[in-house]
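Asks:
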Amino acid sequence: MGFGSHLSPGGPRLFPASPWVPLKMSPFDSWGLFMAFLALLCCPGSGKEAFEKPTWTKQLVVESGRSQVINCSASCTQPENSGLETTVSKKLLKEGAQWKLYEVNVSQDTILLCYFTCSGRQEIKRFNISVFSPPKQVLLTLQPTFVTVGTWFTIECRVPSVAPFETLTITLLRGSEILYNETLRGTTPSPQEAIVTHNTTALRKDGHHNFTCQAKMDLQSRGGHLIHRVSDPQVLEVYEPFQDSQMAIIIAVVSVLLFLFVASVLLCFVLGEHWRQRRTGSYMVQAVQRRLRWCYQAQLA
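Numbering (my numbering), first residue to last: 623 to 923.
1) With DSSP run on the structure shown, which of helix, strand or coil describes S783?
2) Under 8 Å by Cβ, that's how I've got L762 and T822 pegged, so tell me the actual separation to the nearest angstrom.
3) What residue ranges within the segment 814–856 form continuous beta strand (DSSP E) runs of no fewer than 3 residues, ordered along the chain?
4) Using the DSSP secondary-structure output, state which residues sit across from G705 in a beta bridge.
5) Would the beta-carbon of S741 fall within 8 Å of that of C694?
6) Pull up the distance between the alpha-carbon of I792 and that of F754, whole angstroms please.
7) With DSSP run on the structure shown, which of helix, strand or coil describes Q730?
8) If you draw a straight line from the C-alpha of S711 to the C-alpha of N750, how long is it?
9) Give me the DSSP bridge partner(s) of I777.
10) Relative to the C-alpha of I800, which residue among S783, P813, E815 and H820 is closest?
11) Let me know the secondary structure DSSP gives R912 once reduced to three states.
12) Hey, E778 and Q765: beta-carbon distance below 8 Å or not?
13) Could you give the distance in angstroms between the alpha-carbon of A658 and the alpha-carbon of S729?
14) Taking S752 as the reference, which of V781, N803, S798 and G687 has the closest Cα?
15) Would you list the one or two residues that DSSP bridges to F749?
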């Protein structure tokens, strides 16, 4: 909607003209008038008579898919004319003697102009609206998840449906140690998936720490705040051949010692049995001899 839709014959004029003639404008003419108004804001000298007070500017951020409430208030108690000029849809929620509360539906970056007239002097408040899609989900993957010390593996972090890219910084961490840090570049008219990959070699200590990915969106320069999201931790299993060799040696030594122990037990058992059998055999011979001698003596008697 252009400024022409707010004007009526005999009413306050945003653009001085003589003589005053009501205009019937198409949407394209209204848009042209809106752009002309922006040109006046950019070039204060050309609109010096119309705008005596410098333009006041405020930065706002709006999450994609949500509306924004704008308070359009005048600096005087009884403004002659006031309103909100924008190319997006708007709805008047409430109004008072010197203020109006609007709800605007914003789907892309835009500019809102709040205007009012006090004692014949026209003033403008400008709202620079930036639309963003915050990092709601951060996904981290390790490929492969089982590696040998000194071999390469890949860390990949994905942040679905995020914008604008230039405000997003992705950090890959091992424990609390930063492995890789990247601030994305380029503008994104619509939310897209941000992907960051980093290739590195496996260290022995990698198996003792969790890997995480942090996504930070800094909207402070646009009137917003810092948004921080962290992925679920991932674990890397590290295979160390040297440790396995030591383990094999230990197992072999233990096996040999166990074999010797079992062999010694068996040897002791065999020797004991042999000694018992020999001793038992000599006793039997002596018993037989004594019995034969007793029988012989009995016969003589």
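All residues carry an ideal CB built from backbone N, CA and C; glycine is no exception.
Replies: Taking the structure as given:
1) Taken through DSSP and simplified to helix, strand or coil, S783 comes out as strand.
2) So it is not a contact: roughly 14 Å between Cβ atoms.
3) Within the segment 814–856, the complete beta strand (DSSP E) runs of at least 3 residues fall at 814–823, 832–840 and 848–852.
4) Answer is Y737.
5) No Cβ-Cβ contact shorter than 8 Å links S741 with C694.
6) Straight-line measurement puts the Cα of F754 at about 17 Å from the Cα of I792.
7) Q730 falls in the coil class under three-state DSSP.
8) About 16 Å.
9) DSSP output for I777 lists L764 and H820 as bridge partner(s).
10) Looking at the Cα atoms, H820 is the closest of the given residues.
11) DSSP places R912 in helix when its eight states are reduced to three.
12) Yes.
13) With a pLDDT of only 44 at A658, under the threshold of 50, the placement of this residue in the model should not be trusted; the figure read from the coordinates follows. Cα to Cα, the separation comes out at about 23 Å.
14) For the residues V781, N803, S798 and G687, the minimum Cα distance to S752 belongs to G687.
15) Among the bridge pairs identified by DSSP, F749 is matched with K680 and L734.
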